[in-house]
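What follows is one structure encoded as structure tokens, with my remarks underneath.
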Amino acid sequence: MATGKRSTILMLTTTKSSTTTKIPSTTTTTTTTTKEAVWVPTGSMNRARIYHTQVTLEDGNVLVVGGTTDTNTALSSAEVYNLSTRLWTTTTSMSTARFFHTASIVANGNVLVVGGTADIKAGLSSAEVYNPSTGLWKTTGNMSNARYFHTASILTNGNVLIAGGTADSKTGLSSAEVYNSSTGFWTTTGSMSSARLYHTASMLTNGSVLVVGGTADSKTGLSSAEVYNPSTGLWATTDSMSAERYYHTASILTNEIVLVVGGITGMALLSSAEVYNLSTELWTTTGTVNIARLLTTASILTNGSVLVAGGVHGRSTILSSAELYG
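Reading the sequence shown from the start, the letters are residues -16 to 309 in my numbering.
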């Protein structure tokens, strides 16, 4: 993926046009007859970074953590984007530089950063907690397994489920652990039936967690899906997708539907999309994106549409285009 110091946000501006325009697959789209969604540049980060995380804090500001430079140097630094001023300010750094980690909002609005790697060769088991009120980090309990390319899901009781990933960039993990946000300790929980990394995890309305796709060996994608029950600590397989995929996205729609888009399996890029129905526990195919892409972002807009933006097409083509679903 490309590095850069420019950050962009999606803004809605009122127009005088009353003509309904079909939504094109570009970075500028018309969403209604009276409002046009356009991309505008905002303040640049103080440090160029990739493979970082970002989370929206309770006050609406955005925390960006870690990542790596284009010379593969892991970063421990963190920055906060002020939604009102549209400017970035540095905050205190983590004790450990890391990328390919996860970041989750936990109790009291704090941010839990878990795992990752500092050199792509070996995973980290350490975790740290950021307090937005003080701007300070503190270390917390270590996981039993070092891992990166894992997923993190906030359970209904405020605890965090960590699933899968890899410790060495080659072999996927099936193990899972739960972080107790009150005590700061980890406990192992049931393992998935399939080892996987580069997968997605979605918190469903019934409190369970749906894990989808991924790969066990960084070569062949998985079509399988599993559901974690926090009450029992066990996983159950559910209906499989029609396509094997990893590096895809998963978005939870308002009608108990999970939308999975794009990704890759082997050397084949995917333009296909599928939806999982929580009520029927079945997958169905849906419309395809205009450009096959992986490592993209998917954001749910206020009108319920899903904005898929950027990503990679082919071996090295970085995309600036965006598409809307719904």
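Cβ atoms here follow ideal geometry from the backbone N, Cα and C, with glycine treated the same way.
Predicted model, so just to flag it, every value in this text is computed and none were measured.
Query, Result
"Could you give the first and the last residue of the continuous beta strand (DSSP E) run that contains serine 234?", "232 to 235"
"Could you give the DSSP three-state label for glycine 92: helix, strand or coil?", "helix"
"Assuming histidine 133 and glycine 190 form a contact by the criterion Cβ under 8 angstroms, report the distance between their Cβ atoms to the nearest whole angstrom.", "About 20 angstroms; that fails the 8 angstroms criterion."
"Any heavy atom of the ligand NAD within a distance shorter than 8 angstroms of the CB on glycine 173?", "With respect to the ligand NAD, the structure shown offers nothing to examine, as it has no ligands at all."
"Apart from the five residues just before and just after phenylalanine 83, which ones in its own chain have a Cβ nearer than 6 angstroms to its Cβ?", "Tyr34, Gly99, Thr100, Tyr131 and Phe132"
"Starting from tyrosine 64, trace the beta strand (DSSP E) both ways and give me its first and last residue.", "61 to 65"
"Tell me the DSSP secondary structure of threonine 3 in three-state form.", "Only weak support is given to the placement of threonine 3: the predicted model assigns it a pLDDT of 26, under 50, and the value that follows is read from those uncertain coordinates. Coil, per DSSP."
"Let me know the secondary structure DSSP gives tyrosine 259 once reduced to three states.", "strand"
"Figure out for me which residue from Gly197, Thr203, Thr237 and Ser165 has the closest Cα to the Cα of alanine 251.", "Thr203"
"Suppose you measure from the CA of alanine 292 to the CA of leucine 307; what does that come to, to the nearest Å?", "9 angstroms"
"Does the separation of the CB atoms of serine 158 and glutamate 111 fall below 9 angstroms?", "no"
"In angstroms with no decimal places, state the Cα-to-Cα distance between asparagine 125 and glycine 270.", "42 angstroms"
"I believe threonine 220 touches serine 206 by the beta-carbon criterion, under 8 angstroms. Please report the beta-carbon distance rounded to the nearest angstrom.", "Incorrect: roughly 11 angstroms between the Cβ atoms, too far for contact."
"Would DSSP call threonine 280 helix, strand or coil?", "strand"
"In this structure, what does DSSP give as the bridge partners for glutamate 306?", "Val291"
"Please report the straight-line C-alpha distance between serine 109 and glycine 246, rounded to a whole angstrom.", "29 angstroms"
"Output needed for threonine 74: all residues of its chain with C-beta closer than 7 angstroms, excluding positions within five of it in sequence on either side, in chain order.", "Ala61, Glu62, Val63 and Gly118"
"So the candidates are Val45, Leu40, Val23 and Thr51; which of them puts its Cα closest to the Cα of alanine 31?", "Thr51"
"Less than 6 angstroms between C-beta atoms, sequence neighbours within five positions excluded: which residues of the same chain meet that for valine 47?", "His35, Gln37 and Glu62"
"Whole-angstrom Cβ separation of alanine 226 and leucine 265, contact assumed at under 8 angstroms?", "Contact doesn't hold; Cβ gap of about 15 angstroms is too wide."
"Using three-state DSSP, classify serine 299 as helix, strand or coil.", "coil"
"Can you give the beta carbon distance from leucine 261 to threonine 188, rounded, assuming they're within the 8 angstroms contact cut?", "7 angstroms"
"Let me confirm a value: asparagine 238 is counted as buried when at least 16 other C-beta atoms fall within 10 Å, else exposed. Which label applies?", "exposed"
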